[in-house]
Amino acid sequence: MSEAETIQDPLSIAEKWKQEGRDVAIATVVQTWGSAPRPVGSHLVIDGDGNFQGSVSGGCVEGAVVSEALDVIGAGKPKMLEFGVADETAWRVGLSCGGKISVYVERLV
Amino acid sequence: MDFQLLKKLNAERAARRAVIHVTGVDDDDEQLVLEQDDISGELGEAVVRAFNSGKSSMVEIAGRRQFLNVYVPPARIVVIGAVHISQALAPMAKLAGFDVRIIDPRTAFATEARFADVDLAAEWPDEALKAHPLDAYTALAALTHDPKIDDYPLQAAIDAQCFYVGALGSRKTHASRVARLVEAGKSEAEIGRISAPIGLDIGAASPSEIAVAILADIIQALRKRKAVAP
Chain A
0 MSEAETIQDP
10 LSIAEKWKQE
20 GRDVAIATVV
30 QTWGSAPRPV
40 GSHLVIDGDG
50 NFQGSVSGGC
60 VEGAVVSEAL
70 DVIGAGKPKM
80 LEFGVADETA
90 WRVGLSCGGK
100 ISVYVERLV
Chain B
0 MDFQLLKKLN
10 AERAARRAVI
20 HVTGVDDDDE
30 QLVLEQDDIS
40 GELGEAVVRA
50 FNSGKSSMVE
60 IAGRRQFLNV
70 YVPPARIVVI
80 GAVHISQALA
90 PMAKLAGFDV
100 RIIDPRTAFA
110 TEARFADVDL
120 AAEWPDEALK
130 AHPLDAYTAL
140 AALTHDPKID
150 DYPLQAAIDA
160 QCFYVGALGS
170 RKTHASRVAR
180 LVEAGKSEAE
190 IGRISAPIGL
200 DIGAASPSEI
210 AVAILADIIQ
220 ALRKRKAVAP
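Chains A and B, in that order, are what the protein sequence lines are. Here numbering that gives the first Met the number 0 is used: the first residue of the first sequence is 0, the next is one more, and so on. Here numbering that gives the first Met the number 0 is used: the first residue of the second sequence is 0, the next is one more, and so on.
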């Protein structure tokens, strides 16, 4: 890995943040159905202030994952999140590509 | 995730070793599995499949969901010889998603002008490989025909269990190469891993066509790779 890649690597960032004493949550794409923007195994890492690096979608659901991650950091219990097609009438975030993803969010302890 | 486990995971990835992080998403438990670990039962079978395919997935074992996240080092190709074929192979391999490194101690061949934007080492292979050693996620293609340059990296590639080892040269050239490798103590099975004549047999004639044949050979070896037996 080059230095630039290491800097952007979510799990390396999670390690660094934790080392600095920050609270950290790791979100991981664990399942996808149909067209999904990021493959299974992709990570988004979030700190207690809502800073984040990496991605679990093309930007469609990161906002929702970050706010759920703050809950997970607070409560300490992992969560499984499901995102499907965006439903504009229900004002829910979703994936415009028509796919469906499951994201597992856990705290780094 | 446990912080100590994350540190171990990051260390394994930095060392270019394959590793699987298993999370029991229903139970909130986890473990790290290395390629040499012997795991029994259904999880063991799932782990072997995951190492072979390099694909992360959710599996259900005894009614509990286990997420297997596979971290495989990015594949790379080390080419010995800054020759005409390498000039075609380097950009093709990059397009296909490989990291490419070219090593040739002959400074007339290994020039910036002939290899723009390529990681090029104008050094003897033993020196060049000291800084960046070969590993199981590296393919080695020896293209100089010159035993003084090719023989050392070929042996190093066998020792490092590179996922692909290929050597350019006629059957006659290869026969004398085999004799030298036997002399150096390599077994028949080890020598048999060398793809020679190099490349898939597609009747390639020009340097660019030979580069296609070599790249296809390497991709086949990568995608049909068998995990190292436990």
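C-beta: ideal position from N, C-alpha, C; glycine also.
Exposed unless 16 or more other CB atoms sit within 10 angstroms - verdict on residue i
i        : result
A/TRP16  : buried
A/ASN50  : exposed
B/GLN35  : exposed
B/LYS238 : Residue 238 of chain B lies beyond the range of chain B shown here (0 to 229); nothing can be said about it.
B/LEU94  : exposed
B/ARG75  : buried
B/ARG176 : buried
B/SER39  : exposed
A/GLU105 : buried
A/VAL108 : exposed
A/GLY53  : buried
B/ILE201 : exposed
A/LEU94  : buried
B/ALA178 : exposed
A/GLY33  : exposed
Where residue i sits in the DSSP three-state scheme
i        : result
A/THR88  : Residue placement at A/THR88 is poorly supported in this model, since its pLDDT is 49, which falls under 50; the coordinates are not used for a value here.
A/PHE82  : strand
B/GLU59  : strand
B/TYR136 : coil
B/GLN35  : coil
A/LEU10  : helix
B/HIS83  : helix
A/LEU94  : strand
A/TRP16  : helix
A/ALA3   : Model confidence at A/ALA3 stands at a pLDDT of 44, short of 50, so the residue's coordinates are unreliable and nothing is read from them.
B/PRO229 : Interpretation of B/PRO229 is limited by its pLDDT of 27, a score under 50 that renders its predicted location unreliable; the figure taken from the coordinates is listed afterwards. Residue state, collapsed to three classes: coil.
B/THR172 : helix
Short Cβ contact (7 Å threshold) for residue i with residue j
i        : j        : result
B/ALA121 : B/THR143 : no
B/THR22  : B/VAL77  : no
B/ILE101 : B/ALA81  : yes
A/ILE25  : B/MET0   : yes
B/VAL24  : B/GLY53  : no
A/LEU43  : A/VAL55  : yes
B/CYS161 : B/LEU133 : yes
B/ASP158 : B/ILE79  : no
B/ASP213 : B/ALA140 : Inspection of the sequence shows that residue 213 of chain B is occupied by Ile rather than by Asp. Yes.
B/VAL46  : B/ILE19  : yes
Straight-line Cα distance separating residue j from residue i
i        : j        : result
B/ARG170 : B/PRO196 : 7 Å
A/GLU14  : B/ARG15  : 18 Å
A/TYR103 : B/ALA13  : 24 Å
B/ASN51  : B/LEU67  : 13 Å
B/VAL99  : B/LEU221 : 15 Å
B/PRO146 : B/GLU111 : 25 Å
A/GLU81  : B/ARG63  : 18 Å
B/LYS225 : A/VAL39  : With a pLDDT of only 49 at B/LYS225, under 50, the local geometry of the prediction cannot be trusted, and no value is derived from it.
B/ALA115 : B/SER207 : 17 Å
A/GLY98  : A/VAL65  : 20 Å
A/THR5   : A/SER11  : The predicted position of A/THR5 is uncertain, since its pLDDT is 47 and thus under 50; a value taken from the coordinates is nonetheless stated next. Rounded to the nearest angstrom, the two C-alpha atoms are 7 Å apart.
A/THR31  : B/ALA49  : 17 Å
A/ASP22  : B/PHE2   : 11 Å
B/GLU182 : B/GLU29  : 48 Å
A/GLU61  : A/ALA35  : 14 Å
Supposed close pair residue i, residue j - CB separation, criterion 8 Å
i        : j        : result
B/TYR163 : B/PRO124 : Actually they are not in contact, since the Cβ atoms of B/TYR163 and B/PRO124 sit about 16 Å apart, beyond 8 Å.
B/GLU11  : B/LEU42  : Actually they are not in contact, since the Cβ atoms of B/GLU11 and B/LEU42 sit about 19 Å apart, beyond 8 Å.
B/GLY198 : B/ASP216 : 5 Å
B/ALA87  : B/ALA210 : 4 Å
B/ASP27  : A/PRO9   : At roughly 20 Å, the Cβ-Cβ gap does not stay under 8 Å, so B/ASP27 and A/PRO9 are not in contact.
B/VAL117 : B/ALA156 : Incorrect: roughly 20 Å between the Cβ atoms, too far for contact.
B/LYS7   : B/LEU31  : 6 Å
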